[in-house]
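Under the numbering used here, the sequence shown is numbered contiguously, ending at residue 158.
Shown next, in structure tokens, is the structure this report addresses.
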Amino acid sequence: MKSVCLRCGAIRGSFDGICSSCGHRPDGEGLLVAWLLSSENLDPAELQRTSERVARGESIRPSARQLDRARRALGRHFTVDPGLSTRDRILLLACSLLLTPLPGLVYAASWRTERPRAALEAFALSAPASVLAFVAVVWGVAGR
């Protein structure tokens with residue numbers, strides 16, 4: 015998939031790669047715009063015209079609807095999702111160990127398409143706690 019560099023207008027190999035001309039790599043909202051300016055959305059002629067516009071210094075400002083479309087399309091990509099912060103990991107682990115692992119499992123299920131990395135981290139923290147809770151309950155019931 016080819017894409018137009020947002021900084022210099024060069025056509026590069028992928029929307030999330032580093033531009034060989036200027037070294038720019040899009041991140042955050044820029045990654046969404048880069049995806050919109052890729053061969054996934056533009057035919058070769060439009061890609062070339064967009065490249066020339068960016069090279070002339072014109073600003074590309076996609077609509078909110080286009081950005082939402084890109085968010086939905088890239089929601090499954092790990093490159094877009096930063097994952098859980100350290101604070102969130104600690105809180106989720108504490109909740110899973112001290113109270114119940116259910117919140118982590120619910121987060122993992124609900125985030126699986128929008129925040130895949132965060133969903134995987136929530137599952138990785140909550141699944142072992144679920145096993146420990148199950149073993150503790152079985153051991154407690156068997157001990158009575």
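Ideal Cβ positions, reconstructed from N, Cα and C, are used throughout, including at glycine.
Identify whether S35 lies in helix, strand or coil by the three-state DSSP scheme. coil
Chain C within 8 Å of D57, Cβ atoms only: Here there is only one protein chain, and chain C is not present.
Same chain, Cβ closer than 7 Å to V18, neighbours up to 5 away in sequence not counted: I25, L51, L61, T64, S65 and V68
Return the bridge partner residues of I25 from the DSSP annotation. V18
Give the straight-line distance between the Cα atoms of S110 and P117, rounded to the nearest whole angstrom. 8 Å
Quick check on DSSP: helix, strand or coil for S52? strand
For the alpha helix (DSSP H) that contains E66, what are its first and last residues? P58 to A69
Determine the contact status of L139 and R101, defining contact as a CB-CB distance below 8 Å. no
For the candidate residues S73, L106 and A78, whose alpha-carbon lies nearest to that of L134? L106
If you drop the 5 nearest sequence neighbours on each side, which residues of the same chain put their C-beta closer than 8 Å to that of V47? L20, P40, I74, P76, L81 and A84
Environment of W153 [buried if 16+ CB atoms lie within 10 Å]: exposed
With 16 other CB atoms within 10 Å as the buried threshold, where does A136 fall? buried
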